[in-house]
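Take the sequence shown: its letters are residues 281 to 434, numbered as in our numbering.
Only one structure is covered here, and it is reproduced in the block below.
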Amino acid sequence: MLEQHGYPPLVLSFESIDELDHVIFVYRERGRWGSVARSRDPGLHGRKPAFATTRALALSYFDAYIDFTGRLTGYVVVNLAQLMGEYDWRLSDRNIWKVERSLLDYPHRSIASSDRRVDRLRAKYQAFRAKFPDRKPIFYRGRERWMELPPEFR
Numbered sequence: 281m282l283e284q285h286g287y288p289p290l291v292l293s294f295e296s297i298d299e300l301d302h303v304i305f306v307y308r309e310r311g312r313w314g315s316v317a318r319s320r321d322p323g324l325h326g327r328k329p330a331f332a333t334t335r336a337l338a339l340s341y342f343d344a345y346i347d348f349t350g351r352l353t354g355y356v357v358v359n360l361a362q363l364m365g366e367y368d369w370r371l372s373d374r375n376i377w378k379v380e381r382s383l384l385d386y387p388h389r390s391i392a393s394s395d396r397r398v399d400r401l402r403a404k405y406q407a408f409r410a411k412f413p414d415r416k417p418i419f420y421r422g423r424e425r426w427m428e429l430p431p432e433f434r
C-alpha cells in the first residue's frame with residue numbers, strides 16, 4: 281500500500297519473549313517515522329510520523345506489547361524489496377512463508393527493559409482484563425501519537 285504512494289517497502293519486525301512476533305509497515309515523512317498497522321490489540325495499531333528514529337518508534341510499542349505473556353526483546357527495520365530480491369512477495373497467490381522465515385532469521389537489535397517495569401505493566405494489564413474480560417486496554421502513554429483506532433476499540 282505504501283509503495284503505491286512512493287514509499288519503500290519497509291517493515292519493522294518485533295521479537296517477543298513469547299515468540300508472538302509482530303510485523304508492521306513503516307514510513308518516513310518530513311524526517312519522522314510512523315507506521316501503518318492493524319492488530320487485535322489496540323496498542324499495536326499504527327503510529328503518526330512523530331518519531332525521530334526507528335528505535336523511538338519501536339519503543340512506542342513496548343508498553344502495549346505487555347500482556348499475559350508478551351514482552352518485546354528486539355526489533356529491526358528491513359526493506360522487503362532488498363531482502364527478498366526476485367521473490368514475488370507482493371502479488372503471489374501462494375503462501376509467502378519465505379518472508380516470515382527471512383524476517384525471523386534477520387538479526388534484530390536488542391530492547392533492554394527492567395523486569396520491575398515489565399512486572400508492573402503486566403500486573404496492570406492483568407487487573408484490567410480481570411475487571412473487563414471483553415475489552416483490551418488503551419491506557420498507554422503516548423496515545424496522542426497513535427493513529428485513530430477502529431470504533432471497536434474506542
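Yeah, the Cβ is synthetic: ideal placement off N, Cα and C, and Gly gets one too.
A distance below 8 Å separates the beta carbons of G354 and R389.
As the crow flies, the alpha-carbon of K404 is around 11 Å from that of A344. DSSP places L290 in the uninterrupted beta strand (DSSP E) bounded by L290 to S296. By the CB criterion at 8 Å, A338 and I418 fall outside the cutoff. When I346, E380 and S382 are compared, the shortest CA-CA separation from R397 is found for I346. Considering only G323, I304 and V306, the residue with the shortest C-alpha distance to P430 is G323. Taking the CA atoms as reference points, F342 sits about 16 Å from V306.
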